[in-house]
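What follows is a single structure, written as structure tokens, with notes after it.
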Amino acid sequence: MGNKNIKPDYIQEDNIFMWGIFSRMKLRPNEVITMINRGHQEKYSYGILTLGKAIKYEDEIVGYIIFDLLDEDIFNLITGFTTSDVIITDKHNIVAATNNKYSDQLYRLKSDFRQQSGYINLENKDYYIEITSIKDTTLFVYTITSLDFFNRAFFIGGIFLIILFLVIFSFMLLWSKKIAHNKTVSIYEIVNAIESVQDGDLDTKLNINSEDEFGIIANAYNNMLIDIKNLIESNKEEVALRMQSEIKQLEAQFNPHFLFNTLETIRIMIKLDKNIAGNIIINLSSILRYGINNEIHSVKLKDDIEYINNYLEILKYRFGNKLQFNIEIEEEALECVVPKLILQPIIENSIKYGFEKKAMLNIKITSEIEESKISILIRDNGIGISKERMNYLNNILNKKIMIQIVLVYTMFIKGLSLYMEKNMVSIYKVMRGKGL
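Read left to right, the sequence shown gives residues 1 to 436 (UniProt numbering).
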């Protein structure tokens, strides 16, 4: 049988069973015989791949089955699934199917391609040949791949990669220069700002609007300037208030009227009662020693209470029963840290104005503890302060600190705001008519 309605030459001869494929099938009846033949028709010839096998019955050949494939059909079949050229030959290099560039005039594979699998170069062209034998046949399949396309592809791909690399490299170079320029500008701005601060200019701000480390430094620098300016202002105010406070303390310590009256009292008591005079001298010595020490600005409340007690004891020797005082401070409150002489201005004012319309003055100092807050209350039975004056003082206090205090100089009120912390003393106002 055949795949074309063409009768091959080998069956048109006489004695066909004596030669060609029939002879081979007769000699090897148990094998599939392959053979490449040529056919001729009018002005052209064609290749035929013949496959045949003897038909046996009870160990005798009773017939033959033969199948013929024309080279055109084989060529179309084997080239339809690959971009490489495929050649089928027999062991004598006779070509069953190929194009003319691989076969010679005798339809044999050109000698240049008759070698083992591998690379070859013909006419400045590179090829790769893969040779495979077909099992149980004498046929060989040559797969020939031209490497020109791959070489061109590699060459074009290499050029493309080089161009791409150059473009990326140029872009990275420009980008790195831009980044370096921005970093350099940021560094110069930071250096100039620091130099301005060294020169005392605290108004120089950094305007670096970036999300990198320089932006973080700029924000930290600006916040630091704000903190420094606030700290400087706070220090200025603290120094000024401390100086005023020290002046006020010196005035209180060496109040000529208080000192004169105390010395006069001592002079009289020396004649009347030397023990009392001795006690007054001891109290006065303690007061002067406590007040003169300007190196200490914060003390425990018990030290300030001791000072107030000595102060009131001296006044009591002077006023006698006209002045009564009572100090009741809880033990826990006595360990609280307070500004030095914080209570003295209030006591002085109580003494000064309490006797204006009262024949007897009673002063009571107590403390209250509520959670972490300690309150010191100073009460007397004086006439108090007018509502208008109270509102005026409270307005001043509310603008400066969160406590309310009366009968004290504005200078010292401001001073309190510098010392007030969580565990320090709060001093509350005494409303008119709300005293003892």
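Note that the Cβ used here is the ideal one computed from N, Cα and C, for glycine as well.
The model shown is predicted, which means the values in this text are computed figures rather than measured ones.
Using CA coordinates, which residue listed in the options is at the minimum distance from residue i?
i       : options                               : result
Glu-60  : Leu-51, Leu-27, Leu-334 and Asp-68    : Leu-27
Leu-343 : Glu-332, Ile-327, Lys-357 and Glu-331 : Ile-327
Phe-260 : Leu-315, Asp-227, Met-224 and Ser-84  : Leu-315
Ile-131 : Gly-158, Lys-91 and Phe-160           : Lys-91
Ile-363 : Tyr-142, Glu-313 and Leu-288          : Glu-313
Arg-267 : Thr-184, Val-62, Asn-182 and Arg-318  : Arg-318
Asn-309 : Phe-325, His-297 and Ser-298          : Phe-325
Thr-137 : Val-32, Ile-282 and Tyr-290           : Val-32
Ile-48  : Ile-66, Glu-58 and Val-62             : Ile-66
Ile-144 : Asn-121, Asn-349, Ile-159 and Lys-373 : Asn-121
Lys-226 : Ser-210, Ala-240 and Leu-206          : Reading the sequence as shown, one finds Ile at residue 226 and not Lys. The shortest C-alpha separation from Ile-226 is found at Leu-206.
Ser-350 : Leu-334, Tyr-290 and Gly-384          : Gly-384
Ile-129 : Ile-88, Leu-166 and Phe-155           : Ile-88
Gly-63  : Glu-331, Asn-182, Ser-23 and Leu-147  : Ser-23
Leu-70  : Leu-51, Ile-287, Met-172 and Asp-380  : Leu-51
Ser-186 : Phe-171, Ser-210 and Phe-154          : Ser-210
Ile-378 : Leu-361, Tyr-142 and Glu-388          : Leu-361
Thr-366 : Ile-190, Ser-372, Asp-380 and Tyr-353 : Asp-380
Asn-124 : Ile-270, Asn-391 and Leu-147          : Leu-147
Glu-213 : Met-224, Ser-372, Lys-183 and Asn-235 : Lys-183
Glu-335 : Ile-347, Glu-238, Lys-352 and Ser-372 : Ser-372
Could you compute how far the alpha carbon of residue i sits from the alpha carbon of residue j?
i       : j       : result
Arg-108 : Ile-36  : 11 Å
Glu-368 : Lys-274 : 39 Å
Lys-357 : Ser-375 : 29 Å
Phe-140 : Ser-117 : 12 Å
Gly-20  : Arg-152 : 47 Å
Tyr-307 : Pro-339 : 13 Å
Ile-163 : Phe-150 : 19 Å
Ser-298 : Asp-304 : 10 Å
Lys-322 : Phe-355 : 9 Å
Val-337 : Lys-229 : 28 Å
Lys-302 : Asn-283 : 16 Å
Ile-232 : Asn-219 : 20 Å
Ser-196 : Tyr-221 : 12 Å
Gly-415 : Gly-215 : Low confidence applies to Gly-415: its pLDDT is 35, below 50, so where it sits in the model is not reliable enough to give any reading.
Met-402 : Gly-200 : With a pLDDT of 38 at Met-402, under the threshold of 50, the modelled position of that residue is not reliable, and no figure is offered here.
His-257 : Leu-288 : 15 Å
Ala-333 : Leu-241 : 26 Å
Phe-154 : Tyr-127 : 15 Å
Ile-55  : Asp-68  : 17 Å
Asp-73  : Leu-166 : 51 Å
Asp-203 : Met-172 : 38 Å
Asp-85  : Leu-161 : 30 Å
Checking the sheet assignment: what are the DSSP bridge partners for residue i?
i       : result
Arg-108 : Ile-94
Met-133 : The displayed chain sequence assigns Ser, not Met, to residue 133. For Ser-133, which the question treats as bridged, DSSP gives the partners Phe-140.
Ile-282 : For Ile-282, which the question treats as bridged, DSSP gives no partner whatsoever.
Gly-118 : Ile-129
Glu-60  : Tyr-57
Lys-300 : Val-337
Asn-37  : Ile-48
Leu-323 : Leu-361
Ile-159 : Ile-159 pairs with nothing; no bridge assigned.
Leu-70  : Ile-48
Ile-65  : Lys-53
Is DSSP giving residue i helix, strand or coil here?
i       : result
Glu-328 : strand
Ser-146 : strand
Ser-23  : helix
Asn-192 : helix
Asn-209 : coil
Leu-51  : strand
Asp-201 : coil
Asp-273 : coil
Leu-263 : helix
Val-86  : strand
Asn-222 : helix
Glu-313 : helix
Asn-30  : coil
Ile-405 : Any reading at Ile-405 is ruled out, since the residue's pLDDT is 37, under 50, leaving its predicted position unreliable.
Asn-235 : helix
Asn-394 : helix
Asn-124 : coil
Does the Cβ of residue i lie closer than 7 Å to at least one heavy atom of the ligand ZN?
i       : result
Leu-202 : By its list of ligands, the structure shown contains no ligand whatsoever, and the ligand ZN lies outside what it can speak to.
My parser needs the beta strand (DSSP E) runs of 3 or more residues fully inside the region 330-391; what are they? Within the region 330-391, the runs of beta strand (DSSP E) that reach at least 3 residues and sit entirely inside it are, in chain order, 337-339, 361-370 and 373-380.
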